[in-house]
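Undergrad: First, the structure itself, so that you have it in front of you.
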């Protein structure tokens, strides 16, 4: 399951005409059943069910068409599960009818994840719903969302394949959604892919990375390929370096035992940040068809050269091992800065700096593209900082360009300022959908553009597996850093060696309404 700090659930509401109203409607075939496996767990309660509720509120899930099933090992009644979910749904007058109506769509079944009996009962419940909606056998749509640990994916997928598939093909479908982590290294990821690949075809498998559902990540292709002035600038001739940053201002917070099995590289960098890198660095696809986009992402990953030891800094915050579930000898990094280099015509020589850390002095995720110095600078303004194009993914979503301008007044002096598109100000009143809402809707629509393909997953693990094995074997040590700091000082030194020039005296402040 996802292990990033992005899990905090924001309670909010929509009108049915807001937000994703411009999305194309879900195709009409037979009725839809959505089964959340692991329904009693945190991910399901905090993310999956609230996302389904918001889709219901906006009219993408119709009461007369859809039914939602929860399945897990915990013994619960329908109402007990509904009450657990209710805590994470919006409250207020505007949802006074929507919440109870949505919760009535949910039916709960308990059973083992390797038990034919449990999955036969689940299939019987789904079939009963389909018959009640007069769906012809084989025309209905069955979606299975695995909000589960990866260790049970093979047996759960085997049970779904054996007992819960559509019985014939009359335009309906069966699809599965699986959460990260997809393995712990190349061999375990390939083993997992092989197990699932023997049971389902690739078009039926949706490997979800919620970063690909974020509003500003989805904006990357539009920014890059729909705006003429970026086209000639987006290359090694103009760009000095690219940073992709994920920072959290809290530690593992009681989840240390789980986190210690993975670490910050597996948890954040190998998936979320690497997916963003692909969208920043890829060539223009032939079209917006999912396979054309994913083809270009794979080419980027296959062009990344092996990571150099001197371009890695690992850290572990003080107090991490105070968690009783964390081993005293743990070498698991809670901070990492890694430089990736892409060996192709566009990006040769440009460092892509990936930074991720917990218990730091701020919380943010952003893409920072720093341009080279102006040649023959007649204003001698280099000390103020370089031009930068920044995409702020969270919080306070924004896109801004740092520019050098004339300082107001009688003298010809320069100062750094910005061109700023802050979403909260520009799109006041528009609710930005949660990433899980988009991705679940894409799954129902059969759009795999924002999901990870098997060869893409393999190429991503090929980049990081050698480094991860050396960390696991104790060959690469973590540098201690204070909780609430910027991280190890060695990380800033690495950025400086990579050619990043820090701006002094300028701080971007999100505009207020």
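Numbering (the numbering used here), first residue to last: 2 to 514.
Note that CB positions come from ideal geometry on N, CA and C, so glycine has one too.
Nothing here was measured: the structure is a model prediction, and the numbers come from that model.
Looking at the strands, I want to know which residues DSSP matches up with residue 421.
TA: Its beta-bridge partners are 401.
Undergrad: Is it true that the CB of residue 445 sits closer than 8 Å to the CB of residue 337?
TA: no
Undergrad: I'd like the list of long-range same chain contacts for residue 499, defined as Cβ closer than 7 Å, with 5 residues on each side in sequence excluded.
TA: 242, 340, 352 and 354
Undergrad: Measuring only the C-alpha atoms, how far is residue 83 from residue 42?
TA: 13 Å
Undergrad: In this structure, does DSSP put residue 338 in helix, strand or coil?
TA: strand
Undergrad: Using the beta-carbon count (16 or more within 10 Å), is residue 293 buried or exposed?
TA: Residue 293 counts as exposed, since fewer than 16 other beta carbons sit within 10 angstroms of its beta carbon.
Undergrad: Does the distance from the CB of residue 140 to the CB of residue 184 come in under 8 Å?
TA: no
Undergrad: Does DSSP put residue 174 in a helix, a strand or coil?
TA: strand
Undergrad: Beta-carbon separation of residue 71 and residue 127 under 8 Å?
TA: no
Undergrad: Under three-state DSSP, which class holds residue 552?
TA: A query on residue 552 cannot be resolved here, the shown segment of the chain reaching from 2 to 514 and no further.
Undergrad: In chain order, what residues of the same chain lie with their CB nearer than 7 Å to the CB of residue 420, ignoring the 5 residues before and after it?
TA: Cβ within range, chain order: 401, 402 and 404.
Undergrad: Since I believe residue 264 is in contact with residue 182 (beta carbons under 8 Å), could you give me their beta-carbon distance rounded to a whole number of angstroms?
TA: Residue 182 to residue 264, Cβ: 11 Å. No contact.
Undergrad: Taking 7 Å as the cut-off, does the CB of residue 347 come closer than this to any heavy atom belonging to the ligand FMN?
TA: Ligands in the displayed structure: none, and consequently the ligand FMN is not present.
Undergrad: Where do the ends of the beta strand (DSSP E) carrying residue 352 lie?
TA: In this chain, the beta strand (DSSP E) harbouring residue 352 covers 352-358.
Undergrad: State whether the stretch 152-170 contacts the stretch 196-205, with contact taken as three or more CB pairs (one from each stretch) at a distance under 8 Å.
TA: The stretch 152-170, when compared against the stretch 196-205, does touch it at the 8 Å Cβ threshold.
Undergrad: Just checking my contact of residue 154 with residue 178 at CB under 8 Å: how many whole Å lie between their CB atoms?
TA: Going by Cβ atoms, the distance from residue 154 to residue 178 rounds to 11 Å, so no, they are not a contact pair.
Undergrad: So residue 316 packs on residue 488, CB below 8 Å; how close in whole Å?
TA: About 5 Å separates the beta carbon of residue 316 from that of residue 488, a gap short enough to meet the 8 Å contact definition.
Undergrad: What's the C-alpha gap between residue 23 and residue 427?
TA: Reliability fails at residue 23, whose pLDDT of 42 lies under 50, so the model's placement of it is uncertain and no value is given.
Undergrad: Provide the residue(s) that pair with residue 318 in DSSP beta bridges, ordered along the chain.
TA: 482
Undergrad: In the structure shown, what three-state DSSP assignment does residue 72 receive?
TA: DSSP, reduced to helix, strand and coil, places residue 72 within a strand of the structure shown.
Undergrad: Using only CA atoms, which one of 280, 230 and 166 lies nearest to residue 215?
TA: Closest by C-alpha distance to residue 215, out of 280, 230 and 166, is 280.
Undergrad: Count the CB pairs spanning the stretch 222-235 and the stretch 244-256 that are closer than 8 Å, and state whether there are at least three.
TA: no
Undergrad: Only counting runs of 4 or more residues, tell me where the alpha helix (DSSP H) segments fall wholly within the stretch 189-229, in order along the chain.
TA: DSSP runs (the alpha helix (DSSP H)) wholly in the stretch 189-229: 216-219 and 221-226.
Undergrad: Whole angstroms are fine: how far does the CA of residue 391 sit from the CA of residue 372?
TA: 11 Å
Undergrad: Does the distance from the C-beta atom of residue 56 to that of residue 441 stay below 8 Å?
TA: yes
Undergrad: Under the three-state reduction of DSSP, which class applies to residue 179: helix, strand or coil?
TA: strand
Undergrad: Apart from the five residues just before and just after residue 239, which ones in its own chain have a Cβ nearer than 7 Å to its Cβ?
TA: 372 and 373
Undergrad: Bridge partners for residue 361 per DSSP, in chain order?
TA: 486
Undergrad: Along the chain, where does the beta strand (DSSP E) that runs through residue 128 open and close?
TA: Segment 117-133 is the alpha helix (DSSP H) holding residue 128; no beta strand (DSSP E) there.
Undergrad: From residue 435 to residue 424, what does the alpha carbon distance come to, in whole angstroms?
TA: If you draw a straight line from the Cα of residue 435 to the Cα of residue 424, it is about 15 Å long.
Undergrad: Among 359, 484 and 167, whose alpha-carbon lies nearest the alpha-carbon of residue 270?
TA: 359
Undergrad: Using the Cβ count rule (16 or more neighbours within 10 Å means buried), how would you classify residue 326?
TA: exposed
Undergrad: What residue range does the beta strand (DSSP E) around residue 109 cover?
TA: 107-111
Undergrad: In chain order, what residues of the same chain have a beta carbon less than 6 Å from the beta carbon of residue 162, not counting five sequence neighbours either side?
TA: Taken in chain order, the residues that qualify are 200.
Undergrad: Alpha carbon to alpha carbon, what distance is there between residue 302 and residue 585?
TA: The shown model of the chain, from 2 to 514, leaves out residue 585, and the question about it has no answer.
Undergrad: Please go through the same chain and pick out, in chain order, the residues whose beta-carbon is closer than 8 Å to the beta-carbon of residue 187, but skip the five residues on each side of it.
TA: 459, 462, 463 and 466
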